[in-house]
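Numbers given in my numbering equal positions in the sequence shown, counted from 1, plus 741. Using N, Cα and C, we set each Cβ at its ideal position, and we do this for glycine too. Being a predicted model, the structure only gives us computed values, none of them experimental.
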Amino acid sequence: MGIRSIGHGMTSSAHDVSSTAEIPPALAGAVEAEIRGRRTKRAQEAMRIDASKFDQLLATATPLILAGGHRRDTPPVEGGRWPVSAVFRPRPRSVVGQRLDELTAEAARLAGAGHWQTGQAGSAHLTIRALEWYRKHVPASDQAVHRYQAALETTAAKVGPVGFEVTGLTLTPGTVMACAQPLDDRPEQFLDLFAEVLGNDAWLERDHFSRRDIWYINLLHFTTRIEQPDALVDWVAARRTQAVGRIDVTCAELIRFRLRANDRPAMWPEVLGTARLGQTVAANP
């Protein structure tokens, strides 16, 4: 479900969640300003690196798509992709949520019928971490889910709100992707702290994948032939650096996916639990 590449050395410490709780009140404002400045600088440095990665993805995927050699998703099977995951989602009715929905519909018109419209309102998401292989049945009483939820709540409470700027589109061998840039280093802190709090439950990405080093929202997952590959490539390339909008995230969600087969098919996220950034909410019954 995610894109992986070799880490770029921008790993943030999971313990770098700053607090001014023990700082004298007279100095707290200055310290907070310094923290914000450092976070912004680190995020700007990461943006320059991430932009080149999105360019590389486009360059790699373009010849595959033009030749019909793109990756094609299939409905999930036991032990496969699309497992229980932790995600951030833009609000469906927000300006950026609606714009992502529109871009998804435009991409689908060029790609043709049957492709999964993952970026539509309510489905669009940034994956924080996949937690296991796919299971068709995930009962409410599942102990692993309860542990994931507890870890998500702990992380969300410590890191606080996060934000992203969606800065354009790119292609991968299997998707049309919206490129997201963190506004500061809190998303990276969230990644690292969540992995630490999960402990042994972090096994899937720890043991089978390299560390996530870009943030993104997949708009379209290819499932069959692309009807207008040249037009799709040109359309994405023209929007490579076209600003889409800002996402302000106030909660992280624990979700599972189910295939929704209708006129806008998608692997639809179903919420198992929610963790407010800065406070906690119990798992859904």
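Same chain, Cβ closer than 6 Å to residue i, five either side skipped, listed in chain order
i	result
Val886	Leu1013
Leu995	Ala827, Tyr889, Gln890, Leu893, Leu1013 and Gly1014
Leu939	Ala892
Pro817	Trp823 and Tyr875
Ala848	Val917, Leu960 and Leu961
Ala897	Ala993, Ala1016 and Leu1018
Glu968	Gly853
For residue i, the nearest candidate out of the options (CA to CA)
i	options	result
Tyr875	Ala921, Met1008, Gln797 and Ala792	Met1008
Asp948	Ala892, Gly909, Arg870 and Pro1010	Arg870
Thr908	Leu807, Cys920 and Pro1010	Cys920
Asp814	Leu799, Ala978, Val825 and Trp857	Trp857
Trp956	Met918, Leu799, Ala881 and Leu872	Met918
Phe935	Ala1016, Arg997 and Asp883	Ala1016
Val825	Arg1005, Val903, Pro902 and Phe998	Phe998
Pro914	Val900, Ala792, Gly853 and Arg812	Arg812
Leu1000	Thr845, Thr859 and Pro833	Thr859
Phe829	Phe905, Gly809 and Leu851	Phe905
Ser793	Ala972, Pro1006, Gln922 and Leu1018	Gln922
Glu1011	Gly863, Arg927 and Thr991	Gly863
Residue i versus residue j: straight-line alpha-carbon distance, rounded
i	j	result
Thr801	Pro970	15 Å
Gln861	Asp842	4 Å
Arg981	Trp944	34 Å
Ala846	Phe963	13 Å
Lys877	Gly809	31 Å
Asp883	Leu872	13 Å
Thr868	Gly986	18 Å
Val1028	Phe931	Residue 1028 cannot be examined here, being either before or after the span of the chain that is shown, 742 to 1026.
Ala1002	Pro833	20 Å
Val900	Ala984	26 Å
Close-in-space but distant-in-sequence residues of the same chain around residue i (CB under 8 Å, 5 per side omitted)
i	result
Glu763	For Glu763, the predicted structure reports a pLDDT of 49, less than 50, and the residue's modelled location is therefore unreliable. A value from the coordinates is still provided. There are no such residues.
Gly820	Trp874 and Tyr875
Val879	Val825, Val886, Arg997 and Leu1013
Val974	Thr803, Ile806, Leu807 and Leu912
Ala972	Leu851
Per-residue burial, residue i [other beta carbons within 10 Å of its own, 16 or more giving buried]
i	result
Glu929	buried
Asn719	With the chain represented from 742 up to 1026, any question about residue 719 goes unanswered, as that position is not in the structure.
Arg966	exposed
Asp925	buried
Glu946	buried
Asp954	buried
Pro804	exposed
Asp1004	exposed
Arg927	buried
Contact set for residue i: own chain, Cβ-Cβ below 7 Å, skip 5 residues either direction
i	result
Pro831	Val837, Gly838, Leu841, Ala865 and Ile988
Thr911	Phe795, Leu798, Leu799, Met918, Cys920, Val977 and Arg981
Residue-chain proximity (residue i, chain B), Cβ-Cβ < 9 Å
i	result
Gly809	The chain labelled as chain B is not found in the depicted structure, where only one protein chain is given.
Length at least 3, wholly inside the segment 912-954: the beta strand (DSSP E) runs in chain order: The qualifying runs are 916-923.
Quick one: complete beta strand (DSSP E) runs, 3+ long, within the segment 806-838? Qualifying beta strand (DSSP E) stretches, in chain order: 826-829.
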